[in-house]
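The structure under discussion appears below in the form of structure tokens.
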Amino acid sequence: MDYITAGYRVPWDDNLAKKAEAIAVGMTVGSWTDLPDTKKPHLRRFLGEAGAIRHDGESGVFEIRYPVDNVKPSISSLLTVMFGKLSLDGQIRLESLDLPASYTRNFSGPALGIPGIRKKLAVRGRPLVMSIFKSENGRTLSEFREAFEEQIGGGVDLVKDDEIFMADEAAPLRDRILAAEEGLARREAHTGQKGFYIPVLSGTPKEVLVQAEEAAEAGAKGFLIAAYTLGLDILSDLQAVAPGALLVLHPAFSGGQVASPSYGIHPALYLGLLPRLAGADVVLYPSPYGSVAMPRDESLKVAQELRTPAVQAPALPGPSAGIHVGILPQLFRDFGSDVIINAGGAVHGHPEGTRAGAQALRDAADRYQDIIGEVTL
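Be aware that the sequence shown starts at 24, since it is given in this note's numbering, and climbs by one per residue.
Written as structure tokens, this is what we have:
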């Protein structure tokens with residue numbers, strides 16, 4: 024029988040073996056000692072097993088092996104079994120997951136991934152550049168079109184909506200898509216550069232799927248989705264209604280799970296492994312440098328989980344928040360070329376305007392090899 028092995032971190036306690044055993048039973052068959060002997064043989068194959076315990080500073084780390092038959096092939100099922108009611112403890116962190124191939128092969132992963140995105144954009148050997156719309160709420164369609172043209176005029180590869188853009192009555196989704204695709208087509212005809220407009224989808228899960236289907240019919244080639252508010256399985260649902268669309272995952276609402284070193288879920292799992300399984304092509308998350316910085320080792324582990332060889336295509340990491348040209352040499356050294364430069368303030372706040380801000384980021388991406396050489400001297 025195959026097992027899913029989950030690692031947990033808790034405050035050290037001399038009775039930790041008893042706690043681990045209680046979790047192994049409670050998260051699988053619910054009870055064991057109280058079960059009638061006649062039921063035990065039937066349920067034994069569903070029973071979890073407590074593994075080795077080690078002392079790590081003030082913490083204890085232990086593993087639980089869960090029979091793979093206990094978990095359905097969905098992120099919601101996986102999280103419910105591995106961390107569902109355990110999360111109510113308040114002093115436990117899901118630290119690691121070792122998933123057997125018999126389980127992970129049920130997930131299609133990114134539809135495009137890094138190879139597919141690079142093929143669509145015809146870009147090799149440099150980081151990709153994505154600019155963020157700012158102050159979108161209430162913006163008219165003509166204002167949208169002007170701001171979009173300024174961003175793509177600077178040479179960015181992708182332009183995405185802001186995740187908090189909800190008040191779109193003056194520039195409805197379909198109209199924005201048509202305007203953006205026209206602008207991208209003109210740029211490609213003039214310069215040869217391909218690009219993506221990534222509109223945000225918001226609402227209930229049902230509304231989001233309807234929006235995606237209608238947007239795809241209007242020509243949208245990708246979407247921004249705050250899937251942590253909807254459940255990561257929405258990503259595979261989006262793949263079904265908009266096949267081949269580029270799915271950019273925003274980390275909104277994930278902080279409650281990843282910000283604490285002693286509670287929640289390790290960022291490498293919650294922002295790396297799980298969204299890649301679910302189908303995210305690009306995952307945005309805090310960089311080690313910006314306004315909501317993540318510890319460097321954790322940020323790098325997220326990127327590792329997104330890009331490490333697996334059955335699923337590698338997803339593109341987007342270390343974000345406070346990214347500007349001055350940070351890029353360090354970002355390049357830490358993350359390499361398979362990364363997306365995701366910036367808003369650095370684009371629109373440039374003293375010479377939005378187009379100049381976009382161009383500065385694109386120029387730095389084009390100079391990736393030179394910059395890496397300078398950094399490593």
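Virtual Cβ for every residue (Gly too), placed ideally from N, Cα, C.
Keep in mind that this is a model prediction, so the values were computed, not measured.
Q) In the DSSP assignment, what residue or residues form a beta bridge with Gly113? A) The partner list for Gly113 (beta bridge, DSSP) is empty, contrary to what the question assumes.
Q) Would you say the segment 129 to 137 touches the segment 288 to 307, given that touching needs at least three Cβ pairs under 8 Å? A) The segment 129 to 137 is in contact with the segment 288 to 307.
Q: Using alpha carbons as the reference points, say which of Ala275, Leu261, Phe276 lies closest to Leu269.
A: Closest by alpha carbon: Leu261.
Q) Near Ala202, what residues of its chain come up, given a Cβ to Cβ distance below 6 Å and the 5 sequence neighbours on each side ignored? A) Here the set comprises Arg168.
Q | Rounded C-alpha distance that separates Val315 from Arg356 | A | The alpha-carbon of Val315 is positioned some 20 Å away from that of Arg356.
**Q.** Three-pair Cβ contact test at 8 Å for the segment 30 to 46 versus the segment 82 to 89
**A.** Flag = yes, the segment 30 to 46 and the segment 82 to 89 touch.
Q.
Along the chain, where does the beta strand (DSSP E) containing Val307 start, and where does it finish?
A. One detail in the question is off: residue 307 reads as Leu in this sequence, not Val. Element bounds for Leu307: 305 to 309.
(Q) For a test of the three-state rule: what should DSSP assign to Thr28, helix, strand or coil? (A) Assigned with DSSP and collapsed to three states, Thr28 falls in strand.
Q) Straight-line CA distance for Ser285 to Asp112? A) The straight-line gap from Cα to Cα measures roughly 11 Å.
Q: On a CA-only basis, which of Phe246, Asp36, Met24, Gly372 is nearest Val182? Give me that one, please.
A: Minimum Cα distance to Val182 is reached at Phe246.
Q: Would you mind stating whether Ile364 and Val91 have Cβ atoms separated by less than 7 Å?
A: Judged by their CB atoms, Ile364 and Val91 are not nearer to each other than the 7 Å cut-off.
Q. Residues in its own chain within less than 6 Å of Ser119 by CB, not counting five upstream and five downstream?
A. Here the set comprises Gly30.
Q.
Which same chain residues end up closer than 7 Å to Arg147 when comparing Cβ atoms and leaving out the 5 residues on each side of it in sequence?
A. Around Arg147: Arg141.
Q | Endpoints, the beta strand (DSSP E) within which Lys183 is located | A | According to the DSSP assignment, Lys183 belongs to the beta strand (DSSP E) that extends over 181 to 183.
Q: Counting only runs of 4+ residues fully inside the segment 144 to 168, write out the alpha helix (DSSP H) ranges in chain order.
A: Fully enclosed alpha helix (DSSP H) runs of no fewer than 4 residues are not present anywhere in the segment 144 to 168.
Q. Rounded to the nearest angstrom, how far is the Cβ of Phe106 from that of Phe156, given a contact under 8 Å?
A. Not quite, the Cβ-Cβ distance comes to about 35 Å (not below 8 Å), so this is no contact.
Q | Beta-carbon proximity check, Ile394 vs Pro332, cutoff 7 Å | A | No, these two residues do not count as a Cβ contact at 7 Å.
Q. Thinking C-beta only, is Leu272 closer than 7 Å to Val325?
A. Going by C-beta atoms, Val325 is not nearer than 7 Å to Leu272.
Q) If you count every other CB in all the chains shown that lies within 10 Å of the CB of Thr61, and 16 or more means buried, which is it? A) The pLDDT assigned to Thr61 is 48, lower than 50, so where the model puts this residue is not dependable, and the model offers no usable value.
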